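Working notes, beginning with the structure itself.
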Amino acid sequence: MTGARNLIWISAAAAAALLLLAFASFPIAGDIESRLATLTAPLASALRATTRPVSEVLLNAGQLGELSRENAALRQDLAQAHAEVSALREQRHSEEQTDALEAAAGQLGTRVTAPVLLRDPAPGKQTLLIGRGSKDGVLAGQPVLGPGATLVGVVTASDEHRARVRLLDDATSAVAAVLQSSRVQGALQGNGDTLRLDLVPSTVPVTSGDIVQTSALGGLLPPGLLIGRVAEAEARPEELFAHIRVEPLVDYDRLEQVLVLTDFRPGVALSGEAGGR
Numbered sequence: 417m418t419g420a421r422n423l424i425w426i427s428a429a430a431a432a433a434l435l436l437l438a439f440a441s442f443p444i445a446g447d448i449e450s451r452l453a454t455l456t457a458p459l460a461s462a463l464r465a466t467t468r469p470v471s472e473v474l475l476n477a478g479q480l481g482e483l484s485r486e487n488a489a490l491r492q493d494l495a496q497a498h499a500e501v502s503a504l505r506e507q508r509h510s511e512e513q514t515d516a517l518e519a520a521a522g523q524l525g526t527r528v529t530a531p532v533l534l535r536d537p538a539p540g541k542q543t544l545l546i547g548r549g550s551k552d553g554v555l556a557g558q559p560v561l562g563p564g565a566t567l568v569g570v571v572t573a574s575d576e577h578r579a580r581v582r583l584l585d586d587a588t589s590a591v592a593a594v595l596q597s598s599r600v601q602g603a604l605q606g607n608g609d610t611l612r613l614d615l616v617p618s619t620v621p622v623t624s625g626d627i628v629q630t631s632a633l634g635g636l637l638p639p640g641l642l643i644g645r646v647a648e649a650e651a652r653p654e655e656l657f658a659h660i661r662v663e664p665l666v667d668y669d670r671l672e673q674v675l676v677l678t679d680f681r682p683g684v685a686l687s688g689e690a691g692g693r
């Protein structure tokens, strides 16, 4: 419809032009020309408005192509910048974690930081593979610390460049522990998900929030390392030992860097004491 209407207007304008040429020699031609110009002015304006976008597109087609190429290049540069920023942020995060571990370790002796490489996905198995080994002084039996110098596990095996760590919540983990407030000894056990403190007599008062630390009993760990806090304690009159659930002070699932106490040798201190008596 719009195309047919424009064709009619164009035909009318052409006819008007022919009439103007035909009457140009008559005296009234000037008046007729003026009137026709007034009538056709809206048509001319509409035609200009209709054809202007088409002409502008044709004239700017080359510029649009160039802008498209520049836009693609800018997107590529932006993606590269994002990747570089992400890499720098990850490097800074790793350095901050290492600094925090070293600061928290304080005077614990010789130690080495190690990245967590792999985590055992088997149900009930809570073990890590770390990126340090015997070449770095990492040996079986050495304590492994997380943020805040908190004990998170023990080295179970090592080769030249890597070592395996059994976390405290592993189903086969058992370490000597002590309640900070009462100094009562117990055995910290893992069940593949949580921690519990066994062999604490039900007659011993235990409150939520009580700190659990490593014990020197057996000489397998240095004493006084933080482990966790009591989350729940229940003493049943008919049972000898209380049921105590311990909450770790760190999230084992989010460990990225750990600290290994490389100067500790399990049983060395105990053997030395025995030999001296």
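Quick note: the sequence shown uses my numbering, first residue 417, plus one each step. Ideal Cβ positions, reconstructed from N, Cα and C, are used throughout, including at glycine. Small disclaimer: the values here were computed from a predicted structure and weren't measured.
When we look at the beta-carbon of residue i and count the other beta-carbons within 10 Å, is it buried (16 or more) or exposed?
i, result
"Leu-656", "exposed"
"Pro-563", "buried"
"Arg-491", "exposed"
"Thr-630", "buried"
"Pro-559", "buried"
"Ser-484", "exposed"
"Ala-489", "exposed"
"Glu-506", "Any answer about Glu-506 is weak, because its pLDDT of 46 lies below 50 and its placement is not dependable; what the coordinates show is given next. Exposed, since its Cβ has fewer than 16 Cβ neighbours within 10 Å."
"Thr-529", "buried"
"Ser-624", "exposed"
"His-509", "With a pLDDT of 46 at His-509, under the threshold of 50, the predicted position of this residue should be treated as unreliable, though the coordinate-derived value follows. It counts as exposed."
"Pro-537", "exposed"
"Gly-634", "exposed"
"Asp-552", "buried"
"Leu-534", "exposed"
"Gly-644", "buried"
"Glu-512", "The pLDDT assigned to Glu-512 is 49, lower than 50, so where the model puts this residue is not dependable; a value taken from the coordinates is nonetheless given after this. Glu-512 is exposed by the Cβ-count criterion."
For the beta strand (DSSP E) that contains residue i, what are its first and last residues?
i, result
"Pro-664", "659-664"
"Val-591", "590-595"
"Thr-529", "527-535"
"Gln-605", "601-606"
"Gln-629", "627-630"
"Glu-650", "642-650"
"Val-560", "559-562"
"Val-581", "579-583"
"Thr-572", "566-574"
"Leu-545", "543-546"
"Val-676", "673-677"
"Asp-614", "611-614"
Do the CB positions of residue i and residue j come within less than 8 Å of each other?
i, j, result
"Val-581", "Val-570", "yes"
"Asp-586", "Ser-550", "no"
"Leu-584", "Val-568", "yes"
"Ala-658", "Ser-618", "yes"
"Val-646", "Val-666", "no"
"Leu-613", "Val-674", "no"
"Pro-638", "Phe-680", "yes"
"Ala-579", "Ile-627", "no"
"Leu-615", "Gly-606", "no"
"Leu-671", "Val-554", "no"
"Val-676", "Arg-527", "yes"
"Thr-566", "Ala-556", "no"
"Leu-642", "Pro-682", "no"
"Pro-664", "Leu-604", "no"
Is the region 591-600 close to the region 533-547, with three or more CB pairs under 8 Å?
Not touching, per the Cβ criterion.
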